[in-house]
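Q:
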Ligand SMILES: NC(=O)c1ccc[n+]([C@@H]2O[C@H](COP(=O)([O-])OP(=O)(O)OC[C@H]3O[C@@H](n4cnc5c(N)ncnc54)[C@H](O)[C@@H]3O)[C@@H](O)[C@H]2O)c1
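In the working numbering, the protein residues as written are 17 to 248.
#1: What residue range does the beta strand (DSSP E) around residue 20 cover?
#2: With residue 27 and residue 121 assumed to form a contact (beta carbons below 8 angstroms), what rounded beta-carbon distance in angstroms separates them?
#3: The alpha helix (DSSP H) with residue 180 in it runs from where to where?
#4: Hey, would you say residue 144 sits closer than 8 angstroms to residue 159, going by beta carbons?
#5: Three or more C-beta pairs closer than 8 angstroms, one from the stretch 104-119 and one from the stretch 69-84: is that the case here?
#6: Could you compute how far the alpha carbon of residue 25 sits from the alpha carbon of residue 46?
#7: Measure the beta-carbon distance from residue 123 to residue 174 and round it to whole angstroms, keeping in mind my assumption that it falls under 8 angstroms.
#8: Is it the case that the Cβ atoms of residue 81 and residue 126 are separated by a distance below 8 angstroms?
#9: In whole angstroms, what is the alpha-carbon distance linking residue 97 and residue 36?
#10: My guess is that residue 137 and residue 194 are in contact by the Cβ rule of under 8 angstroms, so how many angstroms apart are they, rounded?
#11: Quick one: is residue 218 buried, meaning 16 or more other Cβ sit within 10 Å of its Cβ, or exposed?
#12: Report yes if the C-beta of residue 49 is less than 7 angstroms from at least one heavy atom of ligand 1; otherwise report no.
#13: Counting along the chain, where does the alpha helix (DSSP H) carrying residue 134 start and finish?
#14: Output needed for residue 169: all residues of its chain with C-beta closer than 8 angstroms, excluding positions within five of it in sequence on either side, in chain order.
#15: Below 6 angstroms CB to CB, which residues in the same chain sit around residue 49 once its five sequence neighbours on both sides are set aside?
#16: Using only alpha-carbon positions, find the residue among 161, 34 and 206 that is nearest to residue 91.
#17: Within 10 angstroms of its Cβ, does residue 196 collect 16 or more other Cβ (buried), or is it exposed?
#18: Hey, would you say the C-beta of residue 150 is under 7 angstroms away from at least one heavy atom of ligand 1?
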């Protein structure tokens, strides 16, 4: 049995991850400020005695460091997401995504032994790349800085660089993942996530949906990958 800290664990992906880790017999601590997540997402996890919820922000280093200490591995998912939030609050988006990640990595670096950190980036970092398949070793092409939406991708790119820099300089075992559109129960279209909005419009008869070659992931998938479709 291991202890996992999930930042952003009250969100769509994080709450499914929490359930999966609990099912596998582990202890799970969730740190979430409930900005886009909710306690309802944690109803199932909350019934498990190996689960603990802490309300708070990854921007608060003292809280992060206290929770990283008992964990063996940290899944860092907390971030400002959704195109509507990103466009409305570009400064808060960059601050939250970069400071939060730096705090998690710093706490992991200061603890003994150093903690493994999985940093959640996004397929959005591929930006305007058109040549598929997208490759981790390949180049990236963001749009112009006067278009605010790219601030989200840029913040996630800084997160990636930070994760790899902490590995390089302080030997923190870090892993970066770049999810593509992930779809399933508990995802909300409220903050501009595109797929739930398409489905709401289709159900209202305002949009036709046609099968395309691009695919998506379900958050409970065990590592199977779909085809690339970029997502905020
Ligand atoms: N869903 C997708 O298709 C997709 C695609 C690419 C990347 N991602 C990434 O996966 C991660 C999870 O995304 P999601 O779709 O589950 O979104 P979500 O909004 O459901 O989850 C994010 C969670 O982080 C929490 N949070 C935000 N700021 C916080 C802070 N300062 N302190 C503590 N908690 C905070 C929110 O309350 C929420 O519960 C994010 O990092 C996102 O960038 C998701």
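Glycine included, every Cβ here is placed at the ideal spot set by N, Cα and C.
Just so it is clear, the structure is predicted and the values come from calculations on it, not from any experiment.
A: Working from what's here:
#1: Taking the chain shown and counting its residues from 1, one reaches residue 20 at position 4. Residues 19-23.
#2: Residue 27 sits at position 11 when you count from the first residue of the chain shown. Residue 121 sits at position 105 when you count from the first residue of the chain shown. About 20 angstroms separates the beta carbon of residue 27 from that of residue 121, a gap too long to meet the 8 angstroms contact definition.
#3: For the purposes of this step, residue 180 is taken as residue 164 along the chain shown, with counting starting at 1. For residue 180, the enclosing alpha helix (DSSP H) starts and ends at 166-186.
#4: As a working note, residue 144 is residue 128 in the chain shown. As a working note, residue 159 is residue 143 in the chain shown. It is a contact, given that the beta carbons lie within the stated cut-off.
#5: Counting Cβ pairs under 8 angstroms, three or more are found: they touch.
#6: The count along the chain shown starts at 1 and reaches residue 25 at position 9. The count along the chain shown starts at 1 and reaches residue 46 at position 30. Whole-angstrom Cα-Cα distance: 5 angstroms.
#7: As a working mapping, residue 123 is identified with position 107 in the chain shown. As a working mapping, residue 174 is identified with position 158 in the chain shown. Contact between residue 123 and residue 174 does not hold, since their C-beta atoms are separated by about 18 angstroms, which reaches or exceeds 8 angstroms.
#8: Here the question's residue 81 lines up with position 65 in the chain shown. Here the question's residue 126 lines up with position 110 in the chain shown. Taking a C-beta distance under 8 angstroms as the contact criterion, residue 81 and residue 126 qualify as a contact pair.
#9: Your numbering for residue 97 matches position 81 in the chain shown. Your numbering for residue 36 matches position 20 in the chain shown. Roughly 23 angstroms separates the two Cα atoms.
#10: For the purposes of this step, residue 137 is identified with residue 121 of the chain shown, where counting begins at 1. For the purposes of this step, residue 194 is identified with residue 178 of the chain shown, where counting begins at 1. By a beta-carbon distance limit of 8 angstroms, residue 137 contacts residue 194. Their separation comes to about 5 angstroms.
#11: Numbered from its first residue, the chain shown carries residue 218 at position 202. With fewer than 16 other Cβ atoms within 10 Å, it is exposed.
#12: On the chain shown, residue 49 is found 33 positions in, with the first residue counted as 1. Answer for residue 49: yes, Cβ within range of ligand 1.
#13: Walking along the chain shown from the start, residue 134 turns up at place 118. Per DSSP, residue 134 lies in no alpha helix (DSSP H); the unbroken beta strand (DSSP E) holding it starts and ends at 132-136.
#14: As a working mapping, residue 169 is identified with position 153 in the chain shown. Excluding its 5 nearest sequence neighbours in each direction, residue 169 has C-beta neighbours in its own chain below 8 angstroms: 138, 140, 141, 143 and 158, listed in chain order.
#15: Residue mapping note: residue 49 aligns to position 33 of the chain shown, counting from 1. The residues are 73.
#16: As a position in the chain shown, residue 91 is number 75, starting the count at 1. Comparing Cα positions, the closest option is 34.
#17: To locate residue 196, count along the chain shown from 1; it is residue 180. That one is buried.
#18: Residue mapping note: residue 150 aligns to position 134 of the chain shown, counting from 1. Checking the Cβ of residue 150 against ligand 1 gives no.
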